[in-house]
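Novice: Residue numbers (the UniProt record's numbering): 1 to 115. Glycine included, each C-beta is placed from N, C-alpha and C at the ideal position. Please read all numbers here as calculations on a predicted model, not as lab measurements.
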């Protein structure tokens, strides 16, 4: 069985299949702020989207963080670690990209989680 949650024009926010929740890319709502605050906003949004899927951040399996400025990685990591319990860290990749569609968008996060 496949469960799809919160349809947008181009995707569903979450697709759940075989006990795994696949979340689409999440960006900050206020992109006028720096990397650390955008990351903190995304983490708060992840809490809400994971809850819609019937799971939470303690069940994260993997994360891909796409960022436009590797020099801002320390701020991103600070917000990420403030959000997560150090015992429940997912497998993670941070990928530097040139563009996320708008120069104000500094980070986009994609995660998978057990349900």
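Please state whether the Cβ-Cβ distance between residue 94 and residue 61 is less than 8 Å.
Specialist: Cβ distance not < 8 Å, so residue 94 and residue 61 don't count as in contact.
Novice: Do residue 34 and residue 115 have their C-beta atoms within less than 8 Å of each other?
Specialist: Their beta carbons are not under 8 Å apart, which means residue 34 does not touch residue 115 by this criterion.
Novice: Using 8 Å for Cβ pairs, my map puts residue 12 next to residue 24. What's the rounded Cβ distance?
Specialist: Yes, they are in contact, since the Cβ atoms of residue 12 and residue 24 sit about 7 Å apart, within 8 Å.
Novice: Using 8 Å as the limit for Cβ to Cβ distance, is residue 107 near chain D?
Specialist: Any reference to chain D falls outside this structure, which holds one protein chain only.
Novice: What residue does the alpha helix (DSSP H) around residue 45 start on, and which one ends it?
Specialist: Note, residue 45: alpha helix (DSSP H), 35-52.
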